[in-house]
Amino acid sequence: MRDRSARLGWLRLPFWLTYLFLYAPIAVLVIMSFNRAKTPYTWGGFSLDWYGRLAENDSIRGGLVNTLIVAFGATVLSTVLGTLLAVGLARYTRSRLLDALSTLPAILPDLVLAIGLLVFYTAVKMTLGLHSVLIAHTVFGMAFVSAVVRARLSHMDTSLEEASRDLGATPITTFFTVTLPTLAPGVLAGALLAFTLSLDEFVIAFFTAAPSEPTLPIVIYSMVRFGVTPEINALATLLLAVSFTVVIVAQRMTRLTEALK
Amino acid sequence: MTGTGPPVAAVRKAAGRLVTLGPGFGFLTVFLLVPLALVLSYTVFRRGRFGGVVHEPTGENFTRLADPLYLDVVFGSVKLAVITTLLALLLGYPTAYMIAKLPAKWKVIALVAVVLPFWTNFLIRTYAWIVLLNSEGMLNSGLKALGLGPVELLYTDGAIVAGLLYAYLPLMILPLYSAIERLDPSLREASANLGARPARTFWSVTLPLSLPGVLTGCVFVFVPSLGNFVIPELLGGGRRIMVGNLIRDQFLKARDWPFGSVLALAVIAVLVLLLFAQAWAARRAGRDA
Amino acid sequence: MTRRAPVAVASACLAFTLTACGGASTTDSAPATLDANADLSKQSLTISIWDGYSPKDLPERVKAKLGFDTKVAIHDTNETIMAKLTAGGDSGIDVAFVSGQYAQALNAQGLLEPLHADLIPNLKNLFPEAAQLAYDKGNTFSVPYTWGTTGLCYRSDLVKTPPTSWSDLLNPPAELKKKITMMTTERWLALPALKLLGASVNTTDQAVLDKAKQMLLKVKPDLLAYDDTTFGDRLKSGEAAMAEAWDGWCPTAEKNIKFVVPSEGSDLWADTMVILKSSRNKEAAHAFINYILDPEIHGWVAQNILYKIPNKVAMDALDPKLLESYPALAQPPAELLKGESLIDLGEASTMYTRLSTEVSAAQ
Chain E
1 MRDRSARLGW LRLPFWLTYL FLYAPIAVLV IMSFNRAKTP YTWGGFSLDW
51 YGRLAENDSI RGGLVNTLIV AFGATVLSTV LGTLLAVGLA RYTRSRLLDA
101 LSTLPAILPD LVLAIGLLVF YTAVKMTLGL HSVLIAHTVF GMAFVSAVVR
151 ARLSHMDTSL EEASRDLGAT PITTFFTVTL PTLAPGVLAG ALLAFTLSLD
201 EFVIAFFTAA PSEPTLPIVI YSMVRFGVTP EINALATLLL AVSFTVVIVA
251 QRMTRLTEAL K
Chain H
1 MTGTGPPVAA VRKAAGRLVT LGPGFGFLTV FLLVPLALVL SYTVFRRGRF
51 GGVVHEPTGE NFTRLADPLY LDVVFGSVKL AVITTLLALL LGYPTAYMIA
101 KLPAKWKVIA LVAVVLPFWT NFLIRTYAWI VLLNSEGMLN SGLKALGLGP
151 VELLYTDGAI VAGLLYAYLP LMILPLYSAI ERLDPSLREA SANLGARPAR
201 TFWSVTLPLS LPGVLTGCVF VFVPSLGNFV IPELLGGGRR IMVGNLIRDQ
251 FLKARDWPFG SVLALAVIAV LVLLLFAQAW AARRAGRDA
Chain S
1 MTRRAPVAVA SACLAFTLTA CGGASTTDSA PATLDANADL SKQSLTISIW
51 DGYSPKDLPE RVKAKLGFDT KVAIHDTNET IMAKLTAGGD SGIDVAFVSG
101 QYAQALNAQG LLEPLHADLI PNLKNLFPEA AQLAYDKGNT FSVPYTWGTT
151 GLCYRSDLVK TPPTSWSDLL NPPAELKKKI TMMTTERWLA LPALKLLGAS
201 VNTTDQAVLD KAKQMLLKVK PDLLAYDDTT FGDRLKSGEA AMAEAWDGWC
251 PTAEKNIKFV VPSEGSDLWA DTMVILKSSR NKEAAHAFIN YILDPEIHGW
301 VAQNILYKIP NKVAMDALDP KLLESYPALA QPPAELLKGE SLIDLGEAST
351 MYTRLSTEVS AAQ
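Chains as they are written, first to last, in UniProt numbering: chain E, 1 to 261; chain H, 1 to 289; chain S, 1 to 363.
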């Protein structure tokens, strides 16, 4: 082991460079969120003012609420559709075309999906709103859920399902008592993925949201375009703290589910 | 429920297929296939004065693509996207390789650390680069203190590449990691036992076998880099436009939906090409192994 | 192979039916007359405006004064809100704030409600010049909210000689290289070059636009960035020393920051309020516009964001000291009207789109 890691010595440089590259800008954001000075380029002493300002900012709060509504709705919808799709693809068809179609939204550039839906909504004269963003986020969300669940399905032992069926259980009972519980970690992982992707999604929301109901990324975009106030840094720091907590909780939870197995 | 003869099984199978595949593909048909078909159909119509299309067939949207003005934009963005992808590979491969060799506990931490920045808002992360690269910003303050600056960092192609790399580097590292992780260590050991140097083992065993992962990562970085319009705007200071800006502008500013659709089609074509390359490499690697 | 055929055929058919019906626009017929005595408390309003362009407590004030709820949506540019308003379907917006030439384009598409002047008695507060703006003479579908001109905003301590001409922007001295920003919205991008050429800001003469393009390409390597929104911050930090700017956006409150209208002349822009035809709260929308024209509310804009407003009563009520410290604010309407009003160019607007693409694509 030792001599191998010694041989990998030169690889450490790009390795640490990667993490420096990933975290330097984040460190800047966090530090600047506690900066009293208004311009991001000078240090004016420690302060929590920007967090207070952030709490008072109505458009950020409104955007956050809209984002959460969309993310929750899209997650529920994509989890149900994606899980069914994964089961169907694994058990009921061998069509490579359908297989490809189910993953298409995940690899399609977001801009293409965005204009496609804009064109579609316009053509059917659909009123834009949170529902139009929710649908759009479900399109790619379900692709990710289905991919994650299918990965889990491929490792799954089919003998349990067969046993259940041999014992006379209907396919529906088998699905709910055998298949779904086994898939649960995959479904949960897929749902989490869909939720995170929806939270941060900007391009598609930019094209499909109603002007009166912007999601948080859209609000941030207009703030960034108008010269940033340090409130943005405070927001970034908070988002990071929340993400960090979620990661730790998720980690604990998966350990829990593994322990329960 | 007496007897599970073939007819019942067949009915069940059909019902199962309908229940599991029906809702998902129904949804995808309406909200993915129809929209894409619409975009496709718009490419052959004339633009409407205020967006939308006039139903007069025309081929001029495609001939416009050959206009040097747009070709320059396309080539310029391909250049930046290629540079970004290469840099991502250069940084990402060793990183993924290192992570794959870490002890299990550190592996998880290292992987989470790659993904974590993704969980702050993408626009805020991009903004952080403005703060870093600004002529009055941190890097330049450092350079000035050393008597080297200020150097023009922001609003350059370099800044755009840095922003794109920052946004998509994890998308390179993750597939690379899973490709390297999956490699059978015995192959490498065999190579080493046969007297091959580590470098030779890498070039003749590890790299070819991880090639599908390399290509997946390249697709994941290259395609969104090409279509991004926010980073050129914020970090490029509007001095460079990429295909993404061009498409966005056709829909939001110029309101030339047919030409925007043609550009979108071009991006899809690039994607399909890359996916074929990736599938080919995967098949080859599978055969070699 | 056989199974995919139905999907493909079905989606293609559906797509073509959709395109076929997408062309024909079915505009909802608005009520010919509005009810002057409508119960406003039963209505509610959604307005779309630029960030920071109206008092923060506007919804509360409207609620107290007029009795209905107001929701404020923010748009970053004219283009963004235009795209949403023209995207078909109900945008959910009742009153939108857009620049004059965009209001004109919206009206040409039949998307705007003709204004009922009898429901906006406060129109009498406006300067007579406010009804003479070329994009909408007589305020038939729009009411100006702010107006002003485009010029050069600069750091007097960072430029050797104060700029006086568009040539100072387009042929910058060596010390200003990479210290200059220009606007990116296509009509304002072209403006400095057109004015220096002595042409109209609304020109559709391809030869003139080609000349303008050459000038814009020549200056591009010397620019720091193209920027519509944050040049004020750049000037404050010293990152930029000179910027093409709208008068109201130039932060002249800062000690060393000055604004000048170049000698070759400039434009007259107006940001306007319009009512969407799709609005189901048209009475409330009229009451809202009327309330904005109240000297107290309208005066807020001049006092707090230092934009000129076309409201005579409100301007007269301003503290003379304010006008002393911000001379640009005191520019009389007659002088402002010397600037050329930007109008929508219809089909010819693609010439400007092309120009702006050519300039931003050039390396």
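Where a beta carbon is used, it is the ideal one built from N, C-alpha and C, also for glycine. Since the structure is predicted, the reported quantities are computational estimates derived from the model, not experimental observations.
Collapsing the DSSP output to three states places S:Asp69 in a strand. In this model, E:Ser33 and H:Glu152 are separated by some 26 Å (Cα to Cα).
Residue nearest to E:Ala236 within the set E:Pro217, E:Arg252, E:Val249 and E:Ala250 is E:Pro217 (criterion: CA-CA distance). Partner residues in the beta bridge of S:Asn311, as assigned by DSSP, are S:Leu126. Assignment of alpha helix (DSSP H) within the segment 197-230 of chain H, counting only whole runs of 4 or more residues, yields 198-201 and 207-227 in chain order.
Neighbours of H:Tyr166 across chain E, judged by C-beta separation under 8 Å: Phe21, Leu22 and Pro25. Within chain E, the residues Pro14, Phe15 and Thr18 have their CB atoms less than 7 Å from the CB of H:Thr95, given in chain order. Unbroken alpha helix (DSSP H) runs of no fewer than 4 residues, entirely contained in the segment 317-359 of chain S, are found at 320-325 and 333-336, following chain order. The distance from the Cβ of E:Val224 to that of H:Tyr127 is about 5 Å, consistent with a contact at the 8 Å cut-off. In this structure the segment 171-181 of chain H does not lie against the segment 248-261 of chain H, because fewer than three pairs of beta carbons, one per stretch, are closer than 8 Å. Neighbours of H:Tyr70 in chain E, taken as residues whose beta carbon is under 9 Å from its own, are absent, since the nearest beta carbon is some 16 Å off. Taking the Cα of S:Tyr102 as reference, the smallest distance to any Cα among S:Glu335, S:Ala270 and S:Leu152 is reached at S:Ala270. Interface annotation, H:Ile241: in contact with chain S, CB-CB separation under 9 Å.
Contacts between E:Phe226 and chain S, judged by CB atoms closer than 8 Å, involve Asp51, Gly52, Asp76, Thr229 and Thr230 in chain order. Counting along the chain, H:Tyr93 sits inside the alpha helix (DSSP H) bounded by residues Pro68 to Lys101. Under the three-state reduction of DSSP output, S:Asn256 falls in the coil class, being neither helix nor strand.
For S:Val201 and S:Phe259, the gap between their C-alpha atoms comes out near 20 Å. The CB of H:Lys144 never comes closer than 9 Å to any CB in chain S; the least such distance is about 13 Å. Of the residues S:Leu126, S:Thr140, S:Ala130 and S:Phe127, the one whose Cα lies closest to the Cα of S:Gly110 is S:Thr140. The alpha-carbon of H:Gly52 is positioned some 8 Å away from that of E:Val119. S:Asp76 has its alpha-carbon roughly 30 Å from the corresponding atom of S:Ala334. Looking only at H:Leu80, H:Leu211, H:Lys13 and H:Leu32, the smallest Cα-Cα distance to H:Tyr93 is reached by H:Leu211. Between H:Ala264 and H:Ile247, the CB-CB gap stays under 9 Å. Secondary structure remark: continuous beta strand (DSSP E) runs of at least 3 residues inside the segment 12-74 of chain H, in chain order: 45-47 and 53-57.
In the DSSP secondary-structure assignment, S:Thr272 is bridged to S:Val98 and S:Pro144.
If you check the CB distance, E:Thr138 and H:Phe31 come in under 9 Å.
By the Cβ-count criterion, H:Arg239 is buried, with 16 or more other Cβ atoms from all chains shown falling within 10 Å of its own Cβ. Shown here, S:Arg155 sits in a strand according to DSSP, grouped into three states. Within the DSSP bridge table, the entry for S:Glu244 names S:Leu152 as partners.
Note that the segment 126-134 of chain E touches the segment 88-98 of chain S; at least 3 beta-carbon pairs, one per stretch, sit closer than 8 Å. Cβ proximity to chain S below 8 Å picks out Phe251, Leu252, Lys253, Ala254, Arg255 and Asp256 from the segment 250-264 of chain H. Between H:Ala281 and H:Leu215, the CB-CB gap stays under 9 Å. From the listed residues S:Thr33, S:Ile47 and S:Pro55, the smallest Cα separation to S:Ile305 is found for S:Pro55. Contact note: E:Ile69 does not reach chain H at a C-beta cutoff of 8 Å; the least C-beta distance is about 17 Å.
With fewer than 16 other Cβ atoms from the protein chains shown falling within 10 Å of its own Cβ, H:Arg283 counts as exposed. Under the three-state reduction of DSSP output, S:Ile49 falls in the strand class.
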